[in-house]
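Quick note: to get the numbering used here, add 1 to the position in the sequence shown (first position is 1). Heads up, the beta-carbon is just placed ideally off N, CA and C, and yes, glycines get one too.
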Amino acid sequence: MTTTSSGQKLSRSQLRSRIEKLPRMRIAHLPTPLEEMPRLSAELDGPRIFVKREDMTGLAYGGNKARHYDFEMPHIRDEDYDTVINIMDYHSNNARMTAAAANKTGLRYVLILKNAAHRNVQGNLLIDKLLGAELHLLDQFQSETADDYASKLKEKLESEGAKPYLVQEHLFPRIVGMVGFVEAGLELLDQIEELGLQNVHIYGVAGRSLCGLILAARNLGLDWKFTGVQVTYDPPLDEYIFDHNDDIKELLDLPATFSHADMPVLTQYVGEGYGIMTPEVVEAIHVAARTDAIICDPNYTGTVMAALIDQIRQGNQGADETVIFLHTGGLPAVFTFADQLAGYSEG
Ligand SMILES: Cc1ncc(COP(=O)(O)O)c(C=O)c1O
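Structure, rendered in structure tokens:
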């Protein structure tokens, strides 16, 4: 074990007590399993590969946001907001899981979906409907000014006597995603020890969840390695995660935070951009499904799986390391991309 760059290290109970100071409700099904993918390892002639099943957190088809909402919903409710307004893309997992969490908390949920007009009601959009989200489906042109649309809607709701929380106006939602994953790091440590795994190398979306695991590792003084996979060009990663490393340090009163050096980022797998699947992602989704029956999603975990497969095939992934694939969910999105996925045939 190494110590943190600051030289300070927390015990597990000290780190846990930092998290326990925050208001909390228990929405997520925890702990999530850590499961081996032996057939994928054999198929790739690669290292041992495990998957941390954050797709099994419950809350209307699961995903990483269930851990977030354990903390975010009490935060919103305790400040006496009665309505959540969210702006997301039409196939967003976040949009769906916010709907589910709002229902559990008894909050009204107004969802502004970009690029959503005239879409098939399928995948996350279908679940948004089932969950009773008040939907505003914007076309491509309206989507360019979605923030203005949301501000006007917020003013209208206020004039009607509501107290709306517009997610995009607040800092807390931008950092709370890391909190739940600091806790996931503690959970993972127990599982890694129980299985006696060494030389752990964690792959995940270059995002808040992976940063939460990094924070756990750095503050506990663990030598886990991390690789982030970029899945979108917008927002830029500095704005999305790295610029918030002090905010989360402050929120949890941590001795150490993360920096670029903690998370090498693979940028070459994004393709044309968010929401457009590359042929490699289509292949990766089939490979994971046909080997160890793990279903990845088209936008996030499929891209990480494509990156992992490519890194192993290129010989860039050491055989002596134990890979852990952080499966952050997104399952309903496979139905949105059904035609492309079903059209795949092995080459
Ligand atoms: C399936 C999935 N994985 C990963 C992410 C990235 O989230 P975060 O930055 O909170 O890790 C998202 C975001 O919505 C997602 O839906």
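Let me check understanding here. Comparing Cα to Cα, which of the options lies closest to residue i?
{"i": "Pro-165", "options": "Gln-15, Ile-203, Thr-84", "result": "Thr-84"}
{"i": "Thr-329", "options": "Thr-33, Met-26, Leu-172, Leu-132", "result": "Thr-33"}
{"i": "Val-206", "options": "Gln-192, Leu-221, Gly-178, Pro-174", "result": "Gly-178"}
{"i": "Leu-342", "options": "Asn-317, His-287, Asp-254", "result": "His-287"}
{"i": "Asn-104", "options": "Leu-60, Arg-120, Ala-218, Gln-141", "result": "Leu-60"}
{"i": "Val-52", "options": "Phe-336, Thr-292, Asp-311, Asp-321", "result": "Thr-292"}
{"i": "Ala-334", "options": "Gly-124, His-76, Pro-39", "result": "Gly-124"}
{"i": "Asp-149", "options": "Glu-44, Phe-72, Glu-161, Ile-88", "result": "Ile-88"}
{"i": "Asn-116", "options": "Gly-331, Gln-312, Tyr-275", "result": "Tyr-275"}
{"i": "Leu-139", "options": "Tyr-91, Lys-153, Ile-28", "result": "Tyr-91"}
{"i": "Glu-21", "options": "Glu-37, Leu-214, Val-180", "result": "Val-180"}
{"i": "Gln-269", "options": "Val-283, Trp-225, Ala-308", "result": "Ala-308"}
{"i": "Phe-338", "options": "Trp-225, Ile-313, Val-283, Asn-246", "result": "Val-283"}
{"i": "Met-306", "options": "Gly-344, Met-26, Leu-221, Leu-45", "result": "Leu-45"}
{"i": "Pro-39", "options": "Gly-331, Asn-317, Ser-160, Ala-289", "result": "Ala-289"}
{"i": "Ile-242", "options": "Leu-198, Tyr-234, Asp-191, Arg-175", "result": "Arg-175"}
{"i": "Gly-133", "options": "Ala-102, Asn-121, Ala-118, Asp-254", "result": "Ala-102"}
{"i": "Ala-29", "options": "Leu-11, Phe-72, Leu-41", "result": "Phe-72"}
{"i": "Gly-47", "options": "Ala-320, Gly-331, Gly-344", "result": "Ala-320"}
{"i": "Asp-79", "options": "Glu-37, Leu-23, Phe-336", "result": "Leu-23"}
{"i": "Gln-169", "options": "Thr-304, Ala-147, Phe-142, Lys-157", "result": "Ala-147"}
{"i": "Phe-326", "options": "Ile-295, Asp-254, Lys-130", "result": "Ile-295"}
Assuming residue i and residue j make a contact with CB atoms under 8 Å, what is their CB distance in whole Å?
{"i": "Glu-194", "j": "Leu-31", "result": "About 17 Å separates the two Cβ atoms, so there is no contact after all."}
{"i": "Leu-108", "j": "Ala-96", "result": "Not really, about 15 Å apart at Cβ, beyond 8 Å."}
{"i": "Leu-223", "j": "Val-183", "result": "The Cβ separation is near 12 Å, so there is no contact."}
{"i": "Gln-315", "j": "Val-266", "result": "Actually they are not in contact, since the Cβ atoms of Gln-315 and Val-266 sit about 17 Å apart, beyond 8 Å."}
{"i": "Ala-185", "j": "Leu-214", "result": "6 Å"}
{"i": "Ile-77", "j": "Leu-154", "result": "Their Cβ separation, rounded to whole angstroms, is 17 Å, which puts Ile-77 and Leu-154 out of contact at 8 Å."}
{"i": "Thr-323", "j": "Val-201", "result": "5 Å"}
Report whether the distance from the Cβ of residue i to the nearest heavy atom of ligand 2 is below 8 Å.
{"i": "Gly-229", "result": "The model on display carries ligand 1 but not ligand 2."}
Residues proximal to ligand 1 by C-beta, any heavy atom closer than 6 Å: Per the Cβ criterion, the list is Gly-64, Asn-65, Asn-94, Asn-95, Gly-178, Val-206, Gly-208, Arg-209, Ser-210, Asp-298, Tyr-301, Thr-302, Thr-329, Gly-330, Gly-331.
Which residue spans inside the segment 225-312 form an unbroken beta strand (DSSP E) run of at least 3? You should have 226-230.
Alpha helix (DSSP H) runs wholly inside the segment 110-174, at least 4 long, in chain order: Note on the segment 110-174: whole alpha helix (DSSP H) runs with a minimum of 4 residues are 124-131, 141-144, 147-160, in chain order.
Output the residue ranges of the beta strand (DSSP E) runs that lie fully inside the segment 20-75 and measure 3 residues or longer, sorted by chain position. DSSP runs (the beta strand (DSSP E)) wholly in the segment 20-75: 35-37, 50-54.
Quick check for students: name the residue ranges of the alpha helix (DSSP H) that lie wholly in the segment 171-229, counting only runs of 4 or more. Unbroken alpha helix (DSSP H) runs of no fewer than 4 residues, entirely contained in the segment 171-229, are found at 173-196, 209-221, following chain order.
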